[in-house]
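Residue numbers (our numbering): 613 to 1484. Even glycine gets a Cβ: it sits at the ideal position worked out from N, Cα and C. Below is one structure; the comments refer to it alone.
What follows is the structure in C-alpha cells.
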C-alpha cells in the first residue's frame, strides 16, 4: 500500500525531461523516467506517465458512474421502457429517447413482429392519424389518410401484405359498448386467447373540451376511470400491449376561433396528470395485491414532447413525419424485445440483451478468470505503479483480457447507456478543425531527408485518416455524399499503403517463409477474432481486418510465384497484371465466391454474406495493385538513379502541378455526384487519382518529407485497433450508436471527451499487448531462408531497407527508427518473447511447440468454437 501511495504521487510531480506526445506508451520510457522526479531552474514538465494515469482514472470513474447508475436507478426501469415513453428530445431532426436507442422499423421488421395478428386503434381524429401511419409502416402500399373526406368519422380496416389486420374504430369519447368490450378479457371464452390483438391503442379527450354538451372534464374523468377499471378486472390484459394515448397538446394560436374558445392547454395538462395517476395507481394496486402479472398499461407522455408547433397547420393535427415518429415509438415499445437477439443490437429501448451462448460464456469466463488471477499476482508481488503501467509488455494477455471485458460491458450490457448518432455540420467542422489543429501543433522536423513515404510519414498518414474516419463514424455522416466519398478514398489510401509496403518488403527482403506470414496475419486478426467470438458478431463485420488480410495474401502469392525472377521489371509487371485480371474475374463472377462461402458454412460453421463481402472488395478492387506498381516504380527509380538526372527537377515540378489539378478535379467530381451510390460506381476506377496526388504532394520537397505530426503518427501506430475497437467502445450498438458514460443527451460533448480518452488509451494498450502476444506465438523458430535475388535488388536503397508494420507500409528513418523498434522489428530481428511475459509461464509452455503447430492449434480451436456455436 505504501508503494502504491508513493507512486500515486508521481502524477503531480514534475521533472526536467521533455516528454514526446504520449511517449509514456513506451514501457522502456516508463522504466527510465518512472522514478525520475527532478526539478530544474529551467522549467517543469509533466511526468511522461501522465497518459496512463489519465486513462486509468477516466476508466475507473466511468465504471463507477455506470455501475452506480445501473445498480441504483436502472432496477426501476431495467429495459428503459419508461424512458422510451416518458422522456426524450429532438436531436438534429432525430427523436432521441433518454438513454436508449430507437429502432427504425421497416415493413419487414414490423411484419415479423406483428405477424398475422390484429392491431386495434380506438379514438378520435388524432388517434386515426396514428392508425394510418402505423399501418403504412407495416406496409408502404397502405394509405396514410382516408381516401375520402366523408370517411373521416368512419371505422377503417386495413390488411397488410404480411397478413396483419389494423383496425380503427371511431369513438372520440371512448364510451361506446364496443370500446368497453374491447377493453375486457373474458377468460370463459375459449377463443379469447386466440382473438387477443397484439396491440390495443386508445386515445381521446379533446372532444370533451370541444363540445361542452358532452359533460366536459367530469364526464371524461368518469369514463377514464371506468376504462382503467375495466382493463384491470380480467386475469389478463385484453391485448399483448395496451396503450392509452395522452390527450394531445394543442398550438393555441393556430386553432380556429371556435376551437380556441373551448380548448385550453391548462385543461389538457390536468387531464394528462389525472390519466397518469389513474393508470399508475391502478398498476401499483395490482402489485400490492400480488396479482400475477398482466403487462402494464403504457402511457406514452412522450408523444406530446415530440410535437413541433411548426409541424401543424390547424394547431391540432400534426405532420406525417411527427405522427410517423409516434408510430415508430409504439413499435419500439411492443416489438423491440421480440427482435432476434443477434447483432447488430441497434435498439436498446425496451429490449434485453441476450444471454451468452455456451462457447461465448466459456470465453467470457476465461477472460474474467485470467483478469482476476493476473491482478492477484500483481498485488501479491507488491507491484508498484510502474509495473501496472507497463502491463502491455509484462503481461499482455492480462491487458487483452481486461480490454475484452471492458468492451463486452460497454456494448453487451446496460452498464453504460447508448444513444443514436446525430449529424451536425457545425459539429463535424469543429471536430475536424480541432483534430487537425492538434496534429499541426505536434509537427516535428527531422535533421535529414527521411525519404519518400517514410515510416513516420505513413504512420502520420494512417493517423489523420483514422481521425477523419472516427469523426465520420461518430456523427453518422455516411448519409452525406460529399463526406462519404472522400472517406472512401481514405480507406483506399490505406490499402494503397498495404500494396506499397508489402511489395517493397518482398522485393527487398524476399522473405517468403511461413513465419513472416504468421506474424502479419496474427497481428492483423488476433484481437479482431477475439472480439468476433466475445461479442457474438461476424468476423467480416469488422471488414477492415479481413480486407487487409485478403490483400496481404494476394500480394504474398503474387510476389511468391516465380520469386527468383523478381529482379526483372517486366516479369513483376506482368504477374501483377495477371493477378489483377484473375482476381477481377473471380470477384465479378459471383459463383466461385458463393461456392467458397458455402463450403465454409457446411464444414466450418462459418456463415458469411458473399454479397456483402463482394461489395466491400470490389469497391477497392485495383488500388492495392496501384500500390504495388508504385513500390516497383520507386525502387526502380532509385536503382537507376533517375533522381540524379538533370531532367528530374522538371519532372518533379510537372508531377506536382498535375497532382494539384488532379486533387481539384477529384473534389469537383465527387461533389457533383448525385448520391453516394452513384459515386460508388466510379470509385474503383478513380480512387487512385487522389491517393497518388496526395502521396506526391506530401513528398514534394525535403521540408515536407522530413516533417511529421507526432499526434497523428501516434494514432497511426494503433490505427488497426482504433478501427476495430470503435465498433463497441466509442461507438456502441455495433457502430449504430454512441456510448454514453454520463446519463443525459445534454451531456454529449463531455461524454465524447470521456469516451475518447478511454477509447484511445485502450486502443494503444491493446496494440502494444497484441504485438507482444504475437511475439510469443511466433517465437522459437528461425526465419525461412530468403529466395536469392540478383545484386541489383540487394543494393541498400535507404530508406527502403527496413522492416514494415502490419500493412508493410512505412520506411526506415535511420537511427531514429532503431530507437523506436516496433512489433514487426522485434518479430523479424529478435523473435523471442519477453522473459517477463505473463505470470503463468506461457512462453515456456509453448517453447516445445513449433510456430506452425501453434497456428494450427489456434485454427482447430476456432473450428471447434464455430461448430459448437448456436445462433438465434
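Query                                                                                                                         : Result
DSSP-derived helix/strand/coil call for residue 1183                                                                          : helix
Completely contained beta strand (DSSP E) runs for the segment 672–713, where each covers 3 or more residues                  : 700–703, 706–709
Distance cut-off 6 Å: residue 818 Cβ against heavy atoms of the ligand GDP                                                    : No copy of the ligand GDP occurs in the structure displayed, which carries no ligand at all.
Residues of its chain near residue 1341, where Cβ-Cβ distance is below 6 Å and the 5 sequence neighbours each way are ignored : 1019, 1022, 1371
Within the segment 747–826, ranges of the alpha helix (DSSP H) (whole runs, at least 4 residues)                              : 789–794, 804–807, 818–822
Beta-carbon spacing of residue 1079, residue 1319 below 7 Å                                                                   : no
Residue 1344 beta carbon less than 7 Å from that of residue 1351                                                              : yes
Endpoints, the beta strand (DSSP E) within which residue 1031 is located                                                      : 1029–1032
Per DSSP, the bridge partner or partners of residue 730                                                                       : 777
Cβ contact (3+ pairs, closer than 8 Å) linking the segment 1193–1206 and the segment 1259–1277                                : no
Status (buried if at least 16 other CB within 10 Å, exposed otherwise) for residue 1045                                       : exposed
Residues of its chain near residue 875, where Cβ-Cβ distance is below 7 Å and the 5 sequence neighbours each way are ignored  : 818, 821, 822, 862, 867
Cβ neighbour criterion (16 or more within 10 Å) applied to residue 767                                                        : exposed
Cα-Cα separation between residue 1406 and residue 1037, rounded to whole angstroms                                            : With a pLDDT of only 32 at residue 1406, under the threshold of 50, the placement of this residue in the model should not be trusted; the figure read from the coordinates follows. Using only the alpha carbons, I get a separation of about 52 Å.
For residue 1327, three-class secondary structure by DSSP                                                                     : helix
N-terminal and C-terminal residue of the alpha helix (DSSP H) that residue 855 is part of                                     : Counting along the chain, residue 855 falls outside any alpha helix (DSSP H), though it belongs to the beta strand (DSSP E) covering 853–856.
Nearest candidate by alpha-carbon position, reference residue 1378, set 1138, 1170, 1362                                      : 1138
Among 784, 809, 854, 853, the one whose alpha carbon lies nearest that of residue 835                                         : 784
Cβ-Cβ separation, residue 808 to residue 850 (assumed contact under 8 Å), whole Å                                             : 7 Å
Rounded straight-line distance, which links the Cα of residue 950 to that of residue 811                                      : 14 Å
Cβ pair count under 8 Å reaching 3, the segment 953–970 against the segment 705–713                                           : yes
Alpha-carbon to alpha-carbon, residue 749 and residue 988                                                                     : 55 Å
Rounded separation between residue 1368 and residue 1077 - CA only                                                            : 16 Å
Per-residue DSSP class, three states only, for residue 867                                                                    : coil
Top-ranked residue by Cα proximity to residue 776, from 1103, 727, 1017                                                       : 727
Buried or exposed (CB count within 10 angstroms, at least 16 for buried), residue 1059                                        : exposed
Closest Cα partner of residue 677 within the set 925, 1356, 1387, 1057                                                        : 1356
Length-filtered (3 minimum) beta strand (DSSP E) runs lying within the segment 1005–1045                                      : 1029–1032
Any alpha helix (DSSP H) of 4 or more consecutive residues that is wholly inside the segment 1200–1245                        : 1202–1216, 1222–1231
Range covered by the alpha helix (DSSP H) that runs through residue 1265                                                      : 1260–1284
Coarse secondary structure for residue 924, derived from DSSP in three states                                                 : strand
Coarse secondary structure for residue 1097, derived from DSSP in three states                                                : helix
Residue 1147 classed as buried or exposed, judged by whether at least 16 other C-beta atoms fall within 10 angstroms          : buried
Segment limits, alpha helix (DSSP H) that includes residue 1467                                                               : 1463–1480
Beta-carbon separation (whole angstroms), residue 920 vs residue 756, contact threshold 8 Å                                   : With a Cβ gap of about 18 Å, residue 920 and residue 756 do not count as contacting.
Classification of residue 773 by the beta-carbon crowding that lies within 10 angstroms, buried from 16 upward                : exposed
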